[in-house]
Amino acid sequence: MKQIRNFCIIAHIDHGKSTLADRLLEHTKTVGEREMTNQVLDDMDLEREKGITIKSKAIQMEYAMNGTTYIFNLIDTPGHVDFSYEVSRALAACEGALLLVDATQGIQAQTISNLYLAIDNNLEIIPVINKIDMDGAMIPEVKDQIVDLIGCKEEEILLASGKTGIGIEEILQAIVDRIPAPTGEVTAPLQALIFDSVFNSFRGIIAYYRVFNGTIKKGDKIKFINTGQTYYADEVGKLGIGLQPTKEVKAGDVGYIITGIKNAKEVKVGDTITLTENPGTSIKGFEEVKPMVFAGIFPVVTEDFEELRDCMDKLQLNDASLTYELETSQALGFGFRCGFLGLLHMEIIQERLEREFNQTVITTVPNVSFIAYTTRDEKIIVNNPGQMPETTKLDRIEEPFIRAQIITQSDYTGNIMTLCLSKRGTLTNQTYLTQTRVELTFEMPLTEIVFDFYDKLKSQTRGYASFDYTPLDYRASDIVKMDILLNNEKVDALSALIHRSRAQDFGRKLCEKLKELLPRQQFQIAIQAAIGAKIIARENISAMRKDVTAKCYGGDISRKRKLLEKQKEGKKRMRQIGNVEVPQEAFLAVLKLDE
Amino acid sequence: MVDSILLEARYRKDFFQQAPADTLILKTPPTISTIYFGGGTPSILPGDWIIQLIQTIKDLYPVEPAAEITLEANPDDITPNALEQWQTAGVNRLSIGVQSFIQEDLKWMNRAHTTSQAGNSVILAQQAGLSNISLDLIYGTPYLTDSLWLDNLKKANDLGVDHLSAYALTVEPRTALFKLIERGKIPPVDPEKQSRHFDLLMDWAGQNGFEHYEISNLSRPGHKSRHNSSYWQGLPYLGLGPSAHSYDGDVTRSWNIESNPLYIKILKQGNLALTEEKLSLENSINEMIMIQLRMLTGLDLLSFEQRFGKAAKDKLLELAEPAITSGQVICLQDHLRLTRKGKHFADHIAMELFV
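Here's what the structure looks like:
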């Protein structure tokens, strides 16, 4: 156990985490250069494209130093706020962390919040400045930031370039020297922390864990303490390049287990594996993952519902954090109300549905989870505008608040203040990390983050701001349900839950956008936004007067037929609301208000 | 260019024999009954070239003695001299691109001719004995009021022409006109006005003995364009020259490359510059709906059923139901016809009826 080092890398997106990991694997000869597809750790297409690690994984390397061979377990962490619980469990499985900071960019909000998580978990931090060979590297400034942040000595900071391999050897040595070996009793009752799981279509769910105490052997009868389920350990092993079965995995080490579980729901990150005989206790910190953002997902063509259901089932097999239940919309037919960890998670699910499962879907206005209290003091969880009680029966509503952390250059402080205040935020703290970098902390409603916040933050700071948040609590709020009506017919799929002060502006923009997106028809179309019976915005689309092309001679026939056939295809995908035909783009209007 | 077109005429001389035998027997007279020079301004061609073109076609193809031979002509190209040559060549019908008799209209349309040239060209042709004339008129243009539109129609009538092609101005993207409108130099097209002009046209036709036999075409009895009618009857046709389209009368449509230099180069190398498209069953159904609905006679349900089967016809009638209910289409004597109201939305209705 003395030769084991368990560690992770804390870094902001694009600060070079995956590239550094690749170099470590090369230097330890875990992979030869030939077998290296760039960035071994990110194996989903989507992850490659977005340049982020969505799901954490782990990989084992061997490193020889001064005649001793050490076992390194690198546990990869997701790089996005949506997955912060998974990050916390991955950190809990480690004794140390490389804090990787881009020399050209300095510390970002995401890095700080993960760093705090690591410090909370008593991890030994090894600060590394990456990309030191790039133009625009600000090594002294970034050193200052790091020293201020973690209170280390300047000479403890390593300089590296994942791209060229500078500093990799020093990092490997520091891992041996500075990160403590794990402690634990091989003979004590088994306690293994699940920090991730993946779905394999042949083997079922593969759970990744760190053994704190005891030993897990092939064939053991095991129990997941929090779900209470028992299984047999069909296969255990270590995580090299691919799975490497072994007879046992002992305290201090990281490994995998296959039990024939088919559904990701049964394997919860943060759960503790123990043996049914002589069981250990649960490792602290287990939480059920709670969805933060909800939206409806509907098939574009109503007949494809059953197919979509199959795909959602399959998707959930390998993504237990996705929740969904059946939803019916008058406008869109059968679909699902889905719960996501955050907006990125929502985007990922949408894209996976489209790419991996070939589904084209309509996603409705995302919303957070509100709590409504009726006049009879019943508590109702509102994850969908349709669940909001009628105004006459409604006593009060509470909405979730978050603590938002933004790090930026001080020039942009004013812009960010304006933005966050306009989003009903209150500034609770302002700290200068260096003379030019400032950390702002706001308390604000989560629902304000759901719409256009990231884009606005980006444009207000020219991309020089990083953002992170943690949930706080629920607070009383004046939330209303805003409906959209087309020729007086309510379009349930476009209803939104929104703060009263924002409703009019939002309603007006939405009506304007719909005016752009709805095709003219042979009668006038009235587009209205309403709160209850009160109309707060209106746009008209005047009737189409003519739709006939002048010429139809020899050369026009093919062109014209193709044009009309294309229109017909579009029409087949339209939904009928009263007498108005609505193209699918219109249902996505809300997400495009600022375009 | 003319050399290359002549080459193409030679290379494709078996075109009408290649058409599938059954369709040939059923639908095609074994002879050429119409020839049409169009797609631009063939009237700028020197007269002897037109003579050569027509002679070559007559040598290569079985052209009927009484074939309709139409030439598209600009008013300013119509001179006694030119007329004489065209007649020598065998041209017996003119389609004159008058567009308007209003000076202001002609000015912003960038037409080379004047109001008086527009009228005179018709008279010159008639004097030369070329009295089978069609005029192109454009309505719904920025400066054309309702009464000016009626003036244009009256002028055409007064000139004694028997055929009119009346087009609503359409502004295609990436054209000079499109840019002028974008920059606010010319007022945008007003669909309301276009719709009104179309109604005025239909009223006027009824009162003046013109039959509105296709959305954009009107004629006195016995003066329909035989050439254009054959497009709408689904007869085979051969198009020669850049961008020209051909149809074998069955499921093959083809067209020549657009670029003039490339066309010339390819033909000179002894090749054809054709792209071909095979129509699926659905494509053929849709084509028939789209084309026949535009005609006064309407969509012939009996021949539709004969060609595509009863299930296809039933489906068609089912799709037509809303348009019938709303009074845009009527079903009479086994034909689906656009009503006056429906003619304003011919494209939309055709699309609704597509499979």
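Chains A and B, in that order, are what the protein sequence lines are. Residues in the first sequence are numbered consecutively from 1, following UniProt numbering. Residues in the second sequence are numbered consecutively from 1, following UniProt numbering. Glycine residues also receive a C-beta, built at the ideal position from the N, C-alpha and C atoms. A quick note: this is a predicted structure, and the numbers were derived from the prediction, not measured.
Should residue i be labelled buried (16 or more other beta-carbon atoms within 10 Å of its own) or exposed?
i                      : result
B:K343                 : buried
A:Y569                 : Looking at the sequence shown, residue 569 of chain A is not Tyr but Glu. Under this definition A:E569 is an exposed residue.
B:A112                 : exposed
B:E214                 : buried
A:K290                 : exposed
residue 597 of chain A : The requested residue 597 of chain A is not part of the displayed model; chain A covers only 1 to 595.
A:P78                  : buried
B:L159                 : buried
A:K284                 : exposed
Is the separation between the beta-carbon of residue i and that of residue j shorter than 8 angstroms?
i                      : j      : result
A:S161                 : A:D144 : no
A:A90                  : A:D196 : yes
A:D220                 : A:L275 : yes
A:P366                 : A:F294 : yes
A:E443                 : A:R502 : no
residue 386 of chain B : B:L299 : Residue 386 of chain B falls outside the range modelled here, since chain B spans only 1 to 355, and no answer is possible.
A:G333                 : A:F305 : yes
B:S243                 : B:G38  : no
A:F199                 : A:I205 : yes
A:I380                 : A:D271 : no
A:A264                 : A:N226 : no
A:K546                 : B:F198 : yes
A:H12                  : A:S466 : yes
A:K57                  : A:D76  : yes
A:P385                 : A:P279 : no
A:T364                 : A:K393 : no
B:H223                 : B:T34  : no
B:E305                 : B:K313 : yes
A:V491                 : A:I498 : no
B:Q194                 : B:G140 : yes
A:L172                 : A:P127 : no
A:S410                 : A:T431 : no
A:K535                 : A:K515 : In the sequence on display, residue 535 of chain A carries Ile and not Lys. No, Cβ-Cβ distance for A:I535 and A:K515 is not below 8 angstroms.
A:Q522                 : B:F345 : yes
A:E95                  : A:P180 : yes
A:E325                 : A:R337 : yes
B:I96                  : B:P75  : yes
Which residue marks the beginning of the alpha helix (DSSP H) containing residue i, and which one marks its end?
i      : result
B:K310 : K310 to T325
A:T585 : The sequence as given places Glu at residue 585 of chain A; Thr does not occur at that position. Counting along the chain, the alpha helix (DSSP H) containing A:E585 begins and ends at Q584 to F587.
B:K343 : R340 to K343
A:D455 : F453 to Q460
A:R352 : L343 to R355
B:A273 : Run containing B:A273: none; DSSP gives neither H nor E here.
B:Y263 : N260 to K268
A:N415 : T413 to S422
Give me the Cβ distance between residue i and residue j, rounded to the nearest whole Å; I'm assuming they're in contact under 8 angstroms.
i      : j      : result
A:L440 : A:T418 : Their Cβ separation, rounded to whole angstroms, is 12 angstroms, which puts A:L440 and A:T418 out of contact at 8 angstroms.
A:A529 : A:M482 : 6 angstroms
A:I479 : A:F587 : Wrong, their Cβ atoms sit about 22 angstroms apart, outside the cutoff.
B:N92  : B:E64  : About 12 angstroms separates the two Cβ atoms, so there is no contact after all.
B:E287 : B:L281 : With 8 angstroms as the limit, B:E287 and B:L281 do not qualify as a contact, their Cβ atoms being about 11 angstroms apart.
A:T408 : A:V438 : 6 angstroms
B:I5   : B:G327 : With 8 angstroms as the limit, B:I5 and B:G327 do not qualify as a contact, their Cβ atoms being about 47 angstroms apart.
A:V147 : A:Y70  : About 28 angstroms; that fails the 8 angstroms criterion.
Please work out which residues of its chain come closer than 7 angstroms, Cβ to Cβ, to residue i, disregarding the five sequence neighbours upstream and downstream, and give them in chain order.
i      : result
B:L83  : L124, A125, A128 and L130
A:C311 : L353, F357 and Q359
A:R475 : E398, E399 and F401
B:L200 : D146, W149 and L150
Which first and last residues belong to the beta strand (DSSP E) in which residue i is found?
i      : result
B:E211 : E211 to E214
B:S256 : Before going on, a small fix: residue 256 of chain B reads as Asn here, not Ser. Run containing B:N256: T252 to N256, per the beta strand (DSSP E) assignment.
A:K379 : K379 to V382
Suppose the cutoff is 6 angstroms on Cβ atoms and the five residues either side in sequence are ignored; what does the same chain contact list for residue i look like?
i      : result
A:K456 : L419
B:T115 : F101 and Q103
A:Q387 : none
Taking 8 angstroms as the limit between beta carbons, can you name the residues of its chain near residue i, skipping five residues before and five after?
i      : result
A:V300 : T360, V361, I362, R573 and Q584
B:T339 : G327, Q328, V329 and I330
A:V254 : N6, A58, Q60, N73, I75, A93, Y208, Y209, R210, V211, K238 and L239
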